[in-house]
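For what it's worth, the working numbering labels the leading residue of the sequence shown as -4, then goes sequentially.
Here a beta-carbon is modelled for each residue, glycine too, at the ideal position from N, C-alpha and C.
It should be emphasised that the depicted structure is a prediction, and the values quoted were computed from it without experimental measurement.
Report on the following structure.
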Amino acid sequence: MKSIVKFIIVSVIVISTTGCCQHGYKKATVLSPSKNVFVDFFLLSDGSAAYTVSYNNSIVIDTSGFSFDFKGQLPLKGNLRIIGVENSGFSEEWEMPWGEQRIVANNYNELIVKLKENSEEGRSFNVQFRVYDDGIGFRYELLKQTGVDSVIIMNENTEFNLTGDHTCWWIPGDWDIYEHLYNTTGFTEIDAVSKRNHYGLAQTYIPENAVNTPVTMKTKEGIYLSFHEANLTGYAGMTLKIDKDNLLMTSDLVGSDRLGYKVKRALPFTTPWRTVQISENAGGLIESNLIVNLNEPNKLGDVSWIVPQKYMGIWWEMHIGTRSWDVKSGKHGATTENAIKFIDFASENGITGLLIEGWNTGWEHWIGFEDREGVFDFVTPYPDYDMDSVVSYAKSKGVNIIMHHETSAAPRTYDQQMDTAFALMNKYGMNTVKTGYVGKIIPKGEYHHGQWMVNHYRRALETAAKYNVAIVAHEPIKATGIRRTLPNALSREGLRGQEFNAWAMDGGNPPEHLSIVAFTRMLAGPIDFTPGVFDIKLPTKENNQVNTTLAHQLALYVVIYSPVQMACDLPENYEGNPAFQFIADVGVDWEQTKVLNGEIGEYVTIAREERDTGNWFVGSITDENSRVIEIDFNFLDPDSKYRAAIYRDGNDAHWDTNPTSISIEETVITNDMKTTFDLAPGGGLAISLVKIDQ
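Below, the structure written as structure tokens:
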């Protein structure tokens, strides 16, 4: 991620200040580079700090305050004065080593407000705002105190005061998982306590009416907002408490029952950024780079060993019940014979990765046991899996084995074996691992999204990087853009994934699911959703199915971004099916991305240009409603023609009654063409556009 162009102006003047008196400046403001986003910072009559945010001269975040509650200290809230203000402008372009686009513009104006208490304690802290044309980020810097070397935070109270009863897309606040279905309601209808819609695994039923982030909204005026955080480092994850009566959201950090607090940090330190993305259209949220821009540049240096790829897996057959992770089950999936079958198919079809789950000892004791410490051994295979021969055969076929480390939410066991496990991977030339944290965290009283686990996930990334290993994390902490700083943070789950369609105790994921995810969870970062189910009715799972059409499954390779994309179904379900050609052809690493149209929870169409080839791929998905979409191909090179392979819903396609009906057509498309396409209920559209040599 090299910096290409950088321009910085720094000064210590206030862009706008008023009320200079015994308490110093009372107000400071900062505008985005294009002056469409405006932040106003000021002190209230009691000396507490507050801010507002305006977009195109209309307030979108009304007067909102912030404060901290500490253990052993008075709250840090009122009786403040402004003792200094700094503002600066910054402009650069930097290069992603992999991502939705290659070149990223990072342009903002910054305001730092220096605050001090008018009290005997006289504590000081800074508030730092970065204001972009597509939103804002702000964070706190807690400074040194006389005789105090650290603080224990019981609560951080950052407010977001809304201007109306916005339409919201949300999942319940949960300290352990993000694997909930999204709800679509007005803000005043959010009821996260009673509307939880998940079963099993490790959900945490926190008592507050709170939501996880990102939470996305649309105002009555048609402005789109999404609230999240960036650069979550050494801190607890943030949920947002809902105050329906006052149209207010307040930060609610994930706690530790074991330690009895939210965060403990040595002074001085900075918190994660609190972020608000703002757009006039839904697609602008997806195209925003605010979250990654608020993270530090790549600190790993050369990361050419990180390889975006498509992969298959000994995985889906476990979920549909034909195989098992457990060697004692009599239907073990991770065998040498089965691995060779997958390797052969992957190699023949240009798939360069293979994930193998259930290869290592411990699976017979991994779930349902209270004490899971020491269960998994991350270097010892089961007797029916010959790692040497599998890896050797895979290399001869041009296939990379993706390692799998399921921790069963016993991170201390994983900590003890990390170096040994990653060294083994390095020995075999494996550069990608899928990690898992299924279950309640051990030790009891810690949660997946608390500070203790945030530090563990970061430790795993940093340790893996020493061995040239990239991580695809499941049951993870939320994505907050750290992939810019540590590019081996390759992808992660963090949503209700494809496997829920195979479990389907509640009907699986509805057709609208991913047309919401694209505008919510995907704003945080890459998603390992595992698309590509062709045997949609799942004959081995009674009353289960995938609630999309086949064309919808193909479109997900473009719509849902990840630098590692799985073809999750079994080889026998792909063989002989011409629709598989799209999976073989579609890219995974992009020069640029354009959102062509979309509305949250209804439909979305995305076009992505593949790096190095100049080929484009288009994906469009819809909810349970059929619809007609128009695609303007003006994003294509005007001097080129493209051979288009169009995979669209058949005329009789329907997500429930006829999901595999698909039509495949070939034509030539140019930059000056517009075309309409019919999407079936729960349907989709996938197009590959390959440049024709001229």
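Where the beta strand (DSSP E) through residue i begins and ends
i	result
residue 84	75 to 90
residue 587	585 to 594
residue 560	559 to 561
residue 484	484 to 487
residue 58	53 to 65
residue 328	Per DSSP, residue 328 belongs to no beta strand (DSSP E) and is neither H nor E.
Distance between residue j and residue i (C-alpha atoms, nearest Å)
i	j	result
residue 368	residue 464	24 Å
residue 505	residue 400	30 Å
residue 232	residue 640	43 Å
residue 678	residue 173	25 Å
residue 58	residue 242	11 Å
residue 492	residue 514	16 Å
residue 304	residue 372	27 Å
residue 108	residue 426	44 Å
residue 415	residue 219	47 Å
residue 646	residue 653	10 Å
residue 394	residue 388	9 Å
residue 621	residue 628	22 Å
residue 572	residue 158	52 Å
residue 563	residue 313	11 Å
residue 221	residue 106	21 Å
residue 143	residue 262	8 Å
Neighbourhood of residue i by C-beta, 7 Å cutoff - its chain only, sequence neighbours within 5 removed
i	result
residue 290	225, 226, 476, 477, 479, 480
residue 100	88
residue 535	315, 316, 317
residue 336	566
residue 60	43, 44, 45, 154
8 Å CB neighbourhood of residue i in its chain, flanking five on each side removed
i	result
residue 522	486, 487, 488, 489, 490, 512, 516, 555, 556, 557
residue 28	84, 86, 102, 103, 104, 127, 128
residue 687	635, 636, 637, 638, 663
residue 404	197, 367, 432, 433, 434, 435, 436, 437, 443, 470
residue 582	603, 605, 606, 608, 610, 612
residue 631	611, 637, 664, 665, 666, 684
residue 384	331
residue 256	66, 147, 148, 149, 250
For residue i, the first and last residue of its enclosing alpha helix (DSSP H)
i	result
residue 313	311 to 314
residue 278	277 to 282
residue 331	331 to 343
residue 580	575 to 580
residue 510	508 to 512
residue 567	566 to 569
residue 298	No alpha helix (DSSP H) holds residue 298; DSSP gives it neither H nor E.
residue 552	545 to 554
residue 495	494 to 498
residue 285	285 to 288
Cβ distance (whole Å) where residue i is taken to contact residue j below 8 Å
i	j	result
residue 235	residue 205	6 Å
residue 751	residue 392	With the chain covering only -4 through 689, there is no way to say anything about residue 751.
residue 133	residue 260	That pair is no contact at about 18 Å.
residue 612	residue 680	In fact, because the Cβ distance is near 11 Å, the residues do not count as touching under 8 Å.
residue 329	residue 354	4 Å
residue 593	residue 278	5 Å
residue 668	residue 306	Residue 668 to residue 306, Cβ: 34 Å. No contact.
residue 551	residue 524	7 Å
residue 265	residue 135	7 Å
Contacts around residue i, its chain only, beta-carbon distance under 6 Å, and the 5 residues preceding and following it disregarded
i	result
residue 116	none
residue 150	64
residue 650	506, 542, 543, 544, 676, 677
residue 188	204
residue 284	99
residue 660	641
residue 177	164, 166, 511
residue 326	318, 319
Minimum Cβ-Cβ distance from residue i to chain D less than 9 Å
i	result
residue 463	Absent from the structure is chain D; it holds one protein chain and no more.
Could I get the ranges of all uninterrupted beta strand (DSSP E) runs contained in the segment 424 to 465, with 3 residues as the minimum, in chain order? 427 to 431
As an exercise, report each continuous beta strand (DSSP E) stretch of at least 3 residues that is fully enclosed by the segment 190 to 265, in chain order. As far as the segment 190 to 265 is concerned, its whole beta strand (DSSP E) runs of at least 3 residues are 210 to 213, 219 to 225, 233 to 238, 243 to 248, 258 to 261.
Identify every run of the beta strand (DSSP E) within the segment 639 to 684, keeping only runs that are complete inside it and at least 3 residues long; order them along the chain. 657 to 665, 669 to 674
List, from N- to C-terminal side, the beta strand (DSSP E) runs of 3 residues or more that fit wholly inside the segment 365 to 418. Listed in chain order, they are 395 to 401.
At which residue ranges does the segment 101 to 171 contain complete beta strand (DSSP E) runs of 3 or more residues, listed in the order of the chain? Within the segment 101 to 171, the complete beta strand (DSSP E) runs of at least 3 residues are 119 to 127, 130 to 137, 145 to 157, 162 to 165.
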